[in-house]
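Presented below is the structure to which this report refers.
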Amino acid sequence: MIDTILTFCIQSCVAMRPLFEHVSIEAGQSWALLWRELPEIPFIWHYHPEFELTLTLNARGQRYIGEQLADFAPGDLVLVGPNLPHTWAASERPDPSQPMLAVVVWFTPSWLEGLVAQLPELAPLRRLLQQGGRGLAFSAAAAARAQPHLLGLQTRSAAERIPLLLEALLILAQDLNAAPISSQLPQSGGDASRQRLDRVLAHLHRHFAEPPDLPALAALAALSLGAFQRFFKRHTGHSVLSYLSQLRIGHACQLLIQTDKPIGVIASEVGYRNLAHFNRQFLASKQLTPSALRARYPRAQEAMKARAGLP
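Residue numbering for the sequence shown follows the numbering used here, starting at 167 and increasing by one per position.
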């Protein structure tokens with residue numbers, strides 16, 4: 167019964183227009199890595215012009231990519247094509263003492279094309295370019311072989327990550343049992359509206375801890391202030407302040423789980439000058455306090471202290 171209700175809710179949500187997501191690739195790097203340890207995977211129906219490779223661990227539920235709804239279990243590994251709408255809905259953590267983990271790799275089609283053009287040895291990667299646009303769900307055997315390489319990315323330097331990622335991609339490119347996900351290629355997202363929004367989101371993601379300057383953001387979008395606010399709400403589903411609040415709380419969650427920084431320091435680092443206001447915003451967003459979230463993951467804290475050589 168729960169699965170039926172969840173399926174109905176997902177199908178109702180994805181009938182709406184997907185939201186454009188800005189993917190930030192840091193200066194000096196050619197692709198992006200996101201390591202997400204969360205109590206739950208947020209349901210956000212969205213798309214972006216980059217390829218997305220997602221490994222999901224300690225989570226069970228359903229994923230919707232393009233027009234396909236499918237169950238997923240720990241170890242699920244999929245490639246989402248550029249501008250292909252997608253979302254996950256996780257309903258269970260097999261190990262309740264540990265967070266859900268999503269290891270996400272973003273790269274552009276031009277990055278992959280450039281690798282193949284410059285290095286003939288990487289010709290097998292053409293299969294990802296040719297078939298990955300519709301999305302690919304990799305076989306359990308290929309996912310298991312690629313998983314150690316993807317899990318090793320988090321602790322390596324930017325340069326050391328490259329061979330690990332290439333090894334994982336080569337494994338997946340040769341997976342003859344990978345199943346296509348969507349039946350149709352999505353429409354290109356390279357229009358003027360997307361470029362406007364990309365400029366604004368790039369600024370917000372770089373400066374999320376600073377007070378928002380709405381007139382400056384409107385200027386980036388080449389719109390009047392009123393037109394910009396309507397434009398932003400239409401394309402993201404949020405006001406600028408609401409979007410910024412989500413960014414800040416998301417960064418705070420990662421710091422709470424992955425570091426032992428005092429909560430007051432974390433609040434300041436993500437843009438809150440008042441600790442009480444941060445606590446209220448966090449509680450409203452996550453339905454628990456920052457200290458309660460941190461207390462859910464004692465093993466993560468113990469591992470972090472062990473790496474630092476602390477008792």
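Ideal Cβ placement from N, Cα and C applies to all residues, glycine included.
| Item | Value |
| --- | --- |
| Neighbour flag for R293 against chain C, beta carbons, 8 Å | Here chain C cannot be found, since the structure has a single protein chain. |
| A255 - DSSP class collapsed to helix/strand/coil | strand |
| Chain-order list of residues whose beta-carbon lies under 7 Å from that of R473 (same chain, five-residue window excluded) | Unreliable placement is indicated for R473, whose pLDDT of 44 sits below 50; no coordinate value is reported for it. |
| The beta strand (DSSP E) enclosing I328, as first and last residue numbers | Careful: I328 lies outside any beta strand (DSSP E), inside the alpha helix (DSSP H) at 324 to 339. |
| Neighbourhood of L389 by C-beta, 8 Å cutoff - its chain only, sequence neighbours within 5 removed | R362, F397 |
| Backbone CA spacing between G299 and K452 [nearest angstrom] | 34 Å |
| Contacts around S405, its chain only, beta-carbon distance under 8 Å, and the 5 residues preceding and following it disregarded | Q395, F398, K399 |
| Residues of its chain near L380, where Cβ-Cβ distance is below 7 Å and the 5 sequence neighbours each way are ignored | L391, V406 |
| N-terminal and C-terminal residue of the alpha helix (DSSP H) that E435 is part of | 429 to 435 |
| For Y230, the three-state DSSP class (helix, strand or coil) | strand |
| CB of L413 within 8 Å of CB of E435, strictly | no |
| Residues near H401 in its chain [Cβ-Cβ closer than 6 Å; skip 5 each side] | F186, L363 |
| Cut-off 6 Å between Cβ atoms - residues of its own chain near Q320, not counting five sequence neighbours on either side | W201 |
| Boundaries (first-last residue) of the alpha helix (DSSP H) holding R446 | 441 to 452 |
| Pairwise C-alpha distance: N224 and P262 | 9 Å |
| Distance CB(G301)-CB(A255) smaller than 8 Å | no |
| Beta-bridge partners of F209, as assigned by DSSP | BP columns for F209 are empty, so no partner. |
| Whole-angstrom distance between F238 and R293, CA atom to CA atom | 24 Å |
| Residues sharing a beta bridge with V406, DSSP | DSSP, once it has assigned bridges, lists no residue as partnering V406. |
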